[in-house]
Amino acid sequence: MAIVSTFGAFDRAVGLLFTDDGSRCKVYRTFMETDGKNLRRGWTTGTCAAAATKAACQALLTGSFPDLVDIELPNGSRPAFVLATHERCDDFACAGIVKDAGDDPDVTHGALIESTVRRTAKGSGIRFKAGKGVGIVTRPGLPLSVGEPAINPVPRQMIASAIHEVAGSDADFEVEISVRDGEKLAEKTLNGRLGIVGGLSILGTTGIVIPFSCSAWIHSIWRGIDVARAEGLPHLLGATGDTSEKAGQAFYGLPETALIDMGDFIGGMLKYLKSHPVPRVTVAGGVAKMTKLAQGMLDVHSKRGLADLEALAKLAEEAGATTELSGALRQANMVAHAFQLAEAAGIDLGGMVAEKAWATAASALGRNDIALDILVFDRDGCLKGRTAPTPSDRAAPYSGDRIG
Numbered sequence: 004m005a006i007v008s009t010f011g012a013f014d015r016a017v018g019l020l021f022t023d024d025g026s027r028c029k030v031y032r033t034f035m036e037t038d039g040k041n042l043r044r045g046w047t048t049g050t051c052a053a054a055a056t057k058a059a060c061q062a063l064l065t066g067s068f069p070d071l072v073d074i075e076l077p078n079g080s081r082p083a084f085v086l087a088t089h090e091r092c093d094d095f096a097c098a099g100i101v102k103d104a105g106d107d108p109d110v111t112h113g114a115l116i117e118s119t120v121r122r123t124a125k126g127s128g129i130r131f132k133a134g135k136g137v138g139i140v141t142r143p144g145l146p147l148s149v150g151e152p153a154i155n156p157v158p159r160q161m162i163a164s165a166i167h168e169v170a171g172s173d174a175d176f177e178v179e180i181s182v183r184d185g186e187k188l189a190e191k192t193l194n195g196r197l198g199i200v201g202g203l204s205i206l207g208t209t210g211i212v213i214p215f216s217c218s219a220w221i222h223s224i225w226r227g228i229d230v231a232r233a234e235g236l237p238h239l240l241g242a243t244g245d246t247s248e249k250a251g252q253a254f255y256g257l258p259e260t261a262l263i264d265m266g267d268f269i270g271g272m273l274k275y276l277k278s279h280p281v282p283r284v285t286v287a288g289g290v291a292k293m294t295k296l297a298q299g300m301l302d303v304h305s306k307r308g309l310a311d312l313e314a315l316a317k318l319a320e321e322a323g324a325t326t327e328l329s330g331a332l333r334q335a336n337m338v339a340h341a342f343q344l345a346e347a348a349g350i351d352l353g354g355m356v357a358e359k360a361w362a363t364a365a366s367a368l369g370r371n372d373i374a375l376d377i378l379v380f381d382r383d384g385c386l387k388g389r390t391a392p393t394p395s396d397r398a399a400p401y402s403g404d405r406i407g
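In terms of the working numbering, the sequence shown opens at residue 4 and continues consecutively.
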């Protein structure tokens with residue numbers, strides 16, 4: 004069967020597809036075009052764990068490690084990997100692969116993913132164990148039971164399939180996955196908030212890392228919602244950043260598990276809540292990102308567009324701003340400056356932005372059984388605008404206590 008290689012000593016820009024007899028080869032591009040730049044795709048921790056497991060299992064059964072180990076991804080393609088570490092004793096074999104995340108700014112890029120495989124009693128099947136640097140699930144709501152190693156379902160399926168390729172369908176093994184320095188790397192993730200302790204999660208649904216797709220962040224948003232729902236929390240707060248999260252938490256006195264670090268992906272959070280509802284959700288953010296939401300942007304990353312000072316000026320005019328003030332707002336250095344000018348003139352720009360932002364968020368949420376409200380904060384965490392919690396299928400709400 005064909006083997007695609009884009010790792011180790013192989014060219015990082017292309018993959019080579021070989022026939023079984025080696026008589027023909029075809030070059031496949033393994034990069035994608037983004038903003039005029041060629042960005043390399045990479046491999047998930049789940050893919051690396053599956054490849055390491057297959058190599059270790061093969062060595063345990065045959066006594067030797069492969070020079071290249073190939074596995075099948077969910078889409079049917081077969082990448083091959085060079086081993087970074089390997090060790091074999093009488094009762095176990097261990098292989099390691101260094102994760103290549105391509106051009107994605109992944110915290111696990113360059114991490115050593117190792118799999119130790121041991122034989123178990125006949126009929127016991129494939130069992131998973133968390134090695135050093137891999138976390139344990141401690142809260143309900145995730146797709147794994149409490150007490151299980153944080154090795155997600157698709158990586159488990161990939162690992163099992165990799166074992167079956169070399170050991171047959173009735174294989175009986177314990178698979179221990181480890182990540183070197185995984186405990187330290189996990190501090191840069193949301194695992195602690197999700198109740199995954201002791202290390203990283205082994206992730207991946209396709210096996211492939213798409214540069215700057217931020218799929219891992221989106222999935223962490225979803226898992227955070229799942230954990231909160233499993234704990235029966237009635238009120239969640241999604242924040243665009245650390246300042247708005249802390250300010251919003253203090254404003255409502257919410258527990259940590261009610262906080263969803265949605266970042267720029269407001270739409271990603273709201274669309275998941277649409278099919279996985281909670282009684283109430285608050286969207287909190289800084290003045291610039293909430294202005295973008297008010298403009299209709301559900302992804303408020305800077306690459307998606309800039310906050311519109313012209314639109315802010317028109318909002319201020321609706322609230323009674325003078326021609327002189329509206330002109331000053333159009334020429335403001337940034338959104339924060341515009342807010343300062345409006346506030347000094349007694350114009351509640353924050354309240355109007357909050358109401359417009361509510362309308363955008365409500366259209367994405369679109370449920371009459373979820374109360375939605377907006378909080379707008381400045382960079383110091385001071386409240387600059389808010390709406391009342393209102394079901395998202397109703398008219399835009401008025402908070403009743405404009406800020407200004």
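Just so you know, even glycine gets a beta-carbon here, dropped at the ideal spot from N, CA and C.
| For P82, does the count of other Cβ atoms within 10 angstroms reach 16, so buried, or fall short, so exposed? | Buried, since its Cβ has 16 or more Cβ neighbours within 10 Å.
| Cα-Cα, which of T65, V379, E75, G251 is closest to T208? | Considering only alpha carbons, the answer is E75.
| task | Please report the Cβ distance between V140 and A153, rounded to the nearest whole angstrom; I am assuming they are in contact, meaning their Cβ atoms lie under 8 angstroms. | result | Yes, V140 and A153 are in contact; Cβ-Cβ is about 6 angstroms, under 8 angstroms.
| query | Once you ignore the five residues that flank L193 on each side, which residues in its own chain have a CB closer than 7 angstroms to its CB? | reply | The answer, listed in chain order, is S223, G227, D264.
| Taking the alpha-carbon positions, what's the C383 to P237 distance? | Inspection of the sequence shows that residue 383 is occupied by Asp rather than by Cys. So the alpha carbons of these two residues sit roughly 28 angstroms apart.
| said: If you measure between the beta carbons of S118 and I166, is that distance less than 7 angstroms? | reply: For S118 and I166, no; Cβs fall outside 7 angstroms.
| Taking contact to mean at least 3 C-beta pairs separated by less than 8 angstroms, is the region 350-370 in contact with the region 293-306? | Note that the region 350-370 touches the region 293-306; at least 3 beta-carbon pairs, one per stretch, sit closer than 8 angstroms.
| said: With distance defined between alpha-carbon atoms, name the residue in A62, K57, L375, I213 nearest to L273. | reply: Among A62, K57, L375, I213, the Cα nearest to that of L273 belongs to L375.
| If you compare alpha carbons, which of A291, L315, C97, A52 is closest to S67? | Per the Cα distances, C97.
| field | Burial state of L57 (16 or more Cβ within 10 Å) | value | Per the sequence shown, residue 57 should be read as Lys rather than Leu. Burial check for K57: the Cβ neighbour count within 10 Å reaches 16 or more, so the residue is buried.
| task | Taking the CB atoms as reference points, tell me whether D245 and V303 lie closer together than 7 angstroms. | result | In this structure, V303 does not lie closer than 7 angstroms to D245 by Cβ.
| query | For the region 49-112, which segments carrying the beta strand (DSSP E) assignment without a break, of at least 3 residues, lie completely within its bounds, in sequence order? | reply | Within the region 49-112, the complete beta strand (DSSP E) runs of at least 3 residues are 82-84, 88-91, 95-101.
| query | Under a three-way DSSP split, which group does G241 fall into? | reply | It is a strand residue.
| query | Starting from T285 and walking both ways along the beta strand (DSSP E), at which residues does that stretch end? | reply | Annotation for T285: the continuous beta strand (DSSP E) segment containing it runs 283-289.
| Does DSSP classify T294 as helix, strand or coil? | Per DSSP, reduced to three states, the secondary structure at T294 is helical.
| query | Taking the alpha carbon of G271 as the point to measure from, which residue in A324, V290, C217, P158 has its own alpha carbon closest? | reply | G271 has its Cα closest to that of C217, out of A324, V290, C217, P158.
| Using the C-alpha atoms, what's the distance from A347 back to D381? | The straight-line gap separating the alpha-carbon atoms of D381 and A347 is approximately 15 angstroms.
| task | Please go through the same chain and pick out, in chain order, the residues whose beta-carbon is closer than 6 angstroms to the beta-carbon of A339, but skip the five residues on each side of it. | result | Excluding its 5 nearest sequence neighbours in each direction, A339 has C-beta neighbours in its own chain below 6 angstroms: V290, listed in chain order.
| said: Please give the ranges of any beta strand (DSSP E) in the region 343-393, keeping only runs that are unbroken, at least 3 residues long and fully inside the region. | reply: Within the region 343-393, the complete beta strand (DSSP E) runs of at least 3 residues fall at 374-380, 386-389.
| For D3, which of helix, strand or coil comes out of DSSP? | With the chain covering 4 to 407 only, the question about residue 3 has no answer from this structure.
| said: Could you check whether the region 82-94 touches the region 129-147, counting it as contact only if at least three pairs of C-beta atoms, one from each stretch, sit closer than 8 angstroms? | reply: Output reads no: the region 129-147 does not touch the region 82-94.
| field | Where the alpha helix (DSSP H) containing S410 begins and where it ends | value | Examination of residue 410 is not possible in this model, given that the chain is present from 4 through 407 alone.
| said: Please report the distance separating the alpha-carbon of I211 from that of P392. | reply: So the two alpha carbons sit approximately 40 angstroms from each other.
| query | Considering only the beta carbon of each residue, do G198 and E186 sit closer than 7 angstroms? | reply | Not a contact, by the Cβ cut-off of 7 angstroms.
| query | Are the Cβ atoms of T123 and E190 separated by less than 7 angstroms? | reply | Not in contact: T123 and E190 (Cβ atoms no closer than 7 angstroms).
| request: Have a look at N371 and V72 and give me their C-alpha separation to the nearest angstrom. | output: Cα atoms of N371 and V72: separation of roughly 52 angstroms, rounded to the nearest angstrom.
| query | Can you check whether the CB of K292 is closer than 7 angstroms to the CB of T243? | reply | For T243 and K292, yes; Cβs fall inside 7 angstroms.
| query | According to the Cβ coordinates, are P280 and I373 closer than 7 angstroms? | reply | Taking C-beta atoms as the reference points, P280 and I373 count as a pair closer than 7 angstroms.
| request: Identify whether S218 lies in helix, strand or coil by the three-state DSSP scheme. | output: S218: helix per DSSP, three-state reduction.
| field | Where V200 falls: helix, strand or coil (DSSP) | value | Residue state for V200 is assigned as strand, using DSSP reduced to three classes.
| query | Grouping DSSP H, G and I as helix and E and B as strand, with all else coil, what is R27? | reply | Summary for R27: the model assigns pLDDT 32, below 50, so the residue's position carries little reliability, and this model does not support an answer.
| message | Beta-carbon within less than 6 angstroms of S127's beta-carbon, same chain only, minus the 5 sequence neighbours each way: which residues are those? | response | Only D175 meet the Cβ criterion.
| field | T119 in three-state terms, based on DSSP | value | Reduced to three states, the DSSP call for T119 is strand.
| field | Integer-rounded CB distance, given that A331 should sit under 8 angstroms from M355 | value | Not confirmed; about 17 angstroms, so no contact.
| message | Suppose the cutoff is 8 angstroms on Cβ atoms and the five residues either side in sequence are ignored; what does the same chain contact list for F342 look like? | response | Around F342: V290, L352, G353, D381, K387.
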